[in-house]
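Colleague:
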Ligand code: AHR
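Residue numbers (mature numbering (1 follows the signal peptide of the UniProt record, and there is no 0)): 5 to 637.
#1: Within a Cβ cutoff of 6 Å, which residues of the same chain sit near residue 462, ignoring the five residues on either side of it in sequence?
#2: If we ignore side chains and look at the alpha-carbon of each, how far apart do residue 547 and residue 474 end up?
#3: Should residue 189 go down as buried or exposed, given a rule of 16 or more other Cβ atoms within 10 Å for buried?
#4: With respect to 8 Å, is the separation between the Cβ of residue 163 and the closest non-hydrogen atom of the ligand AHR below this value?
#5: Quick check: is any heavy atom of the ligand SAH less than 8 Å from the C-beta of residue 559?
#6: Tell me the rounded alpha-carbon separation between residue 586 and residue 342.
#7: I'd like to know if the stretch 290-299 and the stretch 214-222 are in contact, where contact means that at least 3 CB-CB pairs between them fall below 8 Å.
#8: Which complete alpha helix (DSSP H) runs does the stretch 362-428 hold, if anything under 4 residues is left out?
#9: Just the C-alpha distance for residue 616 and residue 539, rounded to the nearest angstrom, thanks.
#10: Answer with buried or exposed for residue 119, where buried requires no fewer than 16 other C-beta atoms within 10 angstroms of its C-beta.
#11: Please list the segments of the alpha helix (DSSP H) lying wholly inside the stretch 256-325, counting only runs of 4 or more residues, in order along the chain.
#12: By alpha-carbon positions, which one of 573, 629, 344 ends up nearest to residue 593?
#13: Decide if residue 69 is buried, meaning its Cβ has at least 16 other Cβ atoms within 10 Å, or exposed.
#14: Tell me, to the nearest whole angstrom, how far the beta carbon of residue 124 is from that of residue 181; I am working on the premise that it is less than 8 Å.
#15: Please classify residue 50 as buried or exposed, where buried requires at least 16 neighbouring CB atoms within 10 angstroms.
#16: Can you round the beta-carbon distance between residue 106 and residue 41 to whole angstroms, since I take them to be within the 8 Å contact cut?
#17: What distance in whole Å lies between the Cβ atoms of residue 14 and residue 528, which are believed to be in contact at a cut-off of 8 Å?
#18: Assuming residue 591 is part of the alpha helix (DSSP H), what are its boundary residues?
#19: If you run the structure through DSSP and keep just helix, strand and coil, what is residue 458?
#20: What would DSSP say about residue 521, mapped onto helix, strand or coil?
#21: Pull the bridge partners of residue 629 from the DSSP assignment, please.
#22: Taking DSSP as the reference, what is the three-state secondary structure of residue 516?
#23: Could you tell me whether the stretch 503-511 touches the stretch 599-610, using the rule of 3 or more Cβ pairs below 8 Å?
#24: With respect to the alpha helix (DSSP H) encompassing residue 226, which residues constitute its N-terminal and C-terminal limits?
#25: Within 10 angstroms of its Cβ, does residue 535 collect 16 or more other Cβ (buried), or is it exposed?
#26: Could you check whether the stretch 66-84 touches the stretch 13-29, counting it as contact only if at least three pairs of C-beta atoms, one from each stretch, sit closer than 8 Å?
#27: For the beta strand (DSSP E) that residue 527 lies in, which residues bound it at each end?
#28: Within this structure, are the beta carbons of residue 614 and residue 621 separated by less than 9 Å?
#29: Can you find at least 3 beta carbon pairs, one from the stretch 440-453 and one from the stretch 392-405, that sit closer than 8 Å?
#30: Where does residue 104 fall in DSSP's three states?
#31: Could you name the residues of the same chain whose beta carbon sits closer than 7 Å to that of residue 30, not counting the 5 residues immediately before and after it, in chain order?
#32: How about residue 496: is its Cβ closer than 8 Å to a heavy atom in the ligand AHR?
#33: Throw me the rounded Cβ distance for the residue 423 and residue 464 pair, which I believe falls under 8 Å.
#34: If you run the structure through DSSP and keep just helix, strand and coil, what is residue 213?
#35: Looking at C-alpha atoms only, which residue of 85, 382, 573 is the closest neighbour of residue 1?
#36: At a threshold of 8 Å, does residue 29 count as lining the ligand AHR (C-beta to nearest heavy atom)?
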């Protein structure tokens, strides 16, 4: 018998408890949620024509040169100069390959835009979308009508006649003379909230469906960089997109299966858009900032303490950007981007997976400056990736001495670790610093390419998460990692949501995260087996909570064994209960996965369950996760 006592609230569950962690890894931003379809739109990749090919009819004259304007435009220095000699359509043109192809949808509107300048108004652009056999599946013509020394924007929209998974964009030139081109862009018409230059609606919808409590961004290791020149600098990611300084992505790595020489950050998804996304999906924004240290798995480059001030200033300015009055320097930038109201930032992270006394020293300097100016901003501090190691113990001790608001623990471990650690927080201090499980995922297999989001992985996470929920007084936030992966360009697996150019699906892990988030509750109440927390006895794991707003009791039970089990649930501390409850069950073979063809192969199934005399007979299938909701009358 599992005994629940609804009259004994143990801890308040923070609204932020279950959140998401976004990093531009696995083509998560460019080539992922940022809906731009043109790769290397401003010719700023290391190889300026990466992603582009030149098409030329034999013996046709004409020239294409990449010009670097250097000091005149340090943020976006390169552009393409095209010289035409009485060119007609088909003589000279460009093809862009997209991010591993372009996903084109039948009937969809496509918005093409370009920056240009030309001494005389002579140029016409013939724009085509093609399939992999070069067949045209959508086209239009754009006349560039302005002349002179300054840059102008031209735009045109057109529709596609077919669905193509790996399409291309052609631009054929017509005219005579020179024309300079930059920021060649193509977006689908169905972006999230129909924002021009916005995000992929299907991917955002999957996030919105989770109702996450927070969104941690922009990383991860990209916050730190291979070295400090490669660190994430939020100030380079706001303002007009043509002025956002592109950078190589830290996940531009060489690896079998994972080669990504074309992985850059255009910052079309920058800090303004992250805050906007958080607001759209009702999540608290949680930006992470570089603490003056590069990735310690790479260069371990350090900023000397005497040079740390600009890094700290970035943190102070970020609070002003998010929350400041429209007349403040950074509040004005936010307002200029279309959001005069504050974003109401409440917390930020200093460092990601940084460690050692060097981290503690730097963190202290950040903490002193931020708390002095913004005492209500909560700071998230890193304790690294080795939850059972000395480095972790040292940091935990030091961070607690500093009275850190939150200590960010990361764990990428085997399923067994997650099962064994369901009691991890039972004996943590109940006062002082709280815990943020900022990155975690169950890794079934370490072999690159075979580490998949199986039901085993998700089930073990569900068991572990019951332990997080039982200890909601210690753990205030948790997020799975990484969030997104493009099947044609990933560097890390497993991941919560997989996408291609046309589709996106949530893994079994996604379904588990969603179930916890949608069934969060407000107060933890005890659920016990022989007076002990249910954390592994008979391979059962359980947690219970009250949802005060819905006036419901929520019980989560994982059966991690290969046997069906029957348990009596005794519901104490309640006056009256409805005659039946709602049961959501996930159950499958341990190797089962979701896929583009079968996106909800492993997903919750809803049924009802009878309640009699404050008792429920709960039958749990082998390898199952059940969420039960009971109305308190
Ligand atoms: O989530 C992938 C990476 O794992 C993150 O960038 C980093 O923080 C961790 O090591």
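For each residue, glycine too, the CB sits at the ideal point set by N, CA and C.
Modeller: For this structure:
#1: Here residue 462 refers to the residue found at position 458 of the chain shown. Cβ within range, chain order: 512, 513, 516.
#2: Here residue 547 corresponds to residue number 543 of the chain shown, with the count starting at 1. Here residue 474 corresponds to residue number 470 of the chain shown, with the count starting at 1. Near 6 Å, if we compare the C-alpha coordinates of residue 474 and residue 547.
#3: Sequence index remark: in the chain shown, residue 189 carries index 185 (1-based). Buried, by the Cβ-count rule.
#4: Against the chain shown, residue 163 aligns to sequence position 159. Incorrect: residue 163 has no Cβ contact closer than 8 Å to the ligand AHR.
#5: Although the ligand SAH was asked about, the structure shown includes only the ligand AHR as ligands.
#6: Taking the first residue of the chain shown as position 1, residue 586 is located at position 582. Taking the first residue of the chain shown as position 1, residue 342 is located at position 338. Rounded to the nearest angstrom, the two C-alpha atoms are 43 Å apart.
#7: yes
#8: 394-405, 419-424
#9: Reading the chain shown from its first residue, position 612 is the one you call residue 616. Reading the chain shown from its first residue, position 535 is the one you call residue 539. Straight-line Cα distance between these residues: approximately 26 Å.
#10: What you label residue 119 is simply residue 115 of the chain shown in a count that begins at 1. Buried.
#11: 275-284
#12: Locating residue 593 in the chain shown gives position 589, where the first residue counts as 1. If we check each option's Cα against that of residue 593, 629 comes out closest.
#13: On the chain shown, position 65 is the one that residue 69 refers to. The residue in question, residue 69, is exposed, as its Cβ has fewer than 16 Cβ neighbours within 10 Å.
#14: The count along the chain shown starts at 1 and reaches residue 124 at position 120. The count along the chain shown starts at 1 and reaches residue 181 at position 177. Rounded, the Cβ-Cβ distance is 6 Å, consistent with contact.
#15: As a first step, residue 50 is located in the chain shown; it is residue number 46 there, counting from the start. Under this definition residue 50 is an exposed residue.
#16: Taking the chain shown and counting its residues from 1, the one referred to as residue 106 is at position 102. Taking the chain shown and counting its residues from 1, the one referred to as residue 41 is at position 37. 5 Å between Cβ atoms; contact.
#17: The count along the chain shown starts at 1 and reaches residue 528 at position 524. The count along the chain shown starts at 1 and reaches residue 14 at position 10. That belief holds up - the Cβ atoms of residue 528 and residue 14 are roughly 5 Å apart, short of 8 Å.
#18: The residue you call residue 591 lines up with position 587 of the chain shown. Here residue 591 belongs to no alpha helix (DSSP H); instead the beta strand (DSSP E) covers 584-591.
#19: The residue labelled residue 458 in the question sits at position 454 within the chain shown. In this structure, residue 458 counts as coil in the three-state DSSP scheme.
#20: On the chain shown, residue 521 is found 517 positions in, with the first residue counted as 1. It is helical.
#21: Looking up residue 629 in the chain shown gives position 625. Looking at the DSSP assignment, residue 629 forms a beta bridge with 562, 590.
#22: Working through the chain shown from its first residue, we reach residue 516 at position 512. The answer is helix: DSSP assigns residue 516 an H, G or I state.
#23: yes
#24: Start at 1 with the first residue of the chain shown, and residue 226 comes out as number 222. 225-228 is the span of the alpha helix (DSSP H), which, as asked, contains residue 226.
#25: Along the chain shown, read from residue 1 onward, the residue named residue 535 stands at position 531. By the 10 Å Cβ count, residue 535 comes out exposed.
#26: no
#27: Locating residue 527 in the chain shown gives position 523, where the first residue counts as 1. Per DSSP, residue 527 belongs to the beta strand (DSSP E) from 527-529.
#28: To locate residue 614, count along the chain shown from 1; it is residue 610. To locate residue 621, count along the chain shown from 1; it is residue 617. Taking 9 Å as the Cβ cut-off, residue 614 and residue 621 qualify as a contacting pair.
#29: no
#30: Working through the chain shown from its first residue, we reach residue 104 at position 100. It is coil, neither helix nor strand.
#31: By one-based count along the chain shown, residue 30 stands at place 26. Here the set comprises 486, 488, 489, 490, 493, 494, 495, 496, 499.
#32: In the chain shown, the residue the question calls residue 496 occupies position 492. Yes; taking the cut-off as 8 Å, the Cβ of residue 496 has a heavy atom of the ligand AHR nearer than that.
#33: Against the chain shown, residue 423 aligns to sequence position 419. Against the chain shown, residue 464 aligns to sequence position 460. Right, their Cβ atoms sit about 5 Å apart.
#34: In the chain shown, counting from the first residue as 1, residue 213 sits at position 209. Of the three classes helix, strand and coil, the one that applies to residue 213 here is helix, per DSSP.
#35: No statement about residue 1 is possible, as the shown extent of the chain runs from 5 to 637 and does not include it.
#36: Start at 1 with the first residue of the chain shown, and residue 29 comes out as number 25. Yes, the ligand AHR has a heavy atom inside 8 Å of this Cβ.
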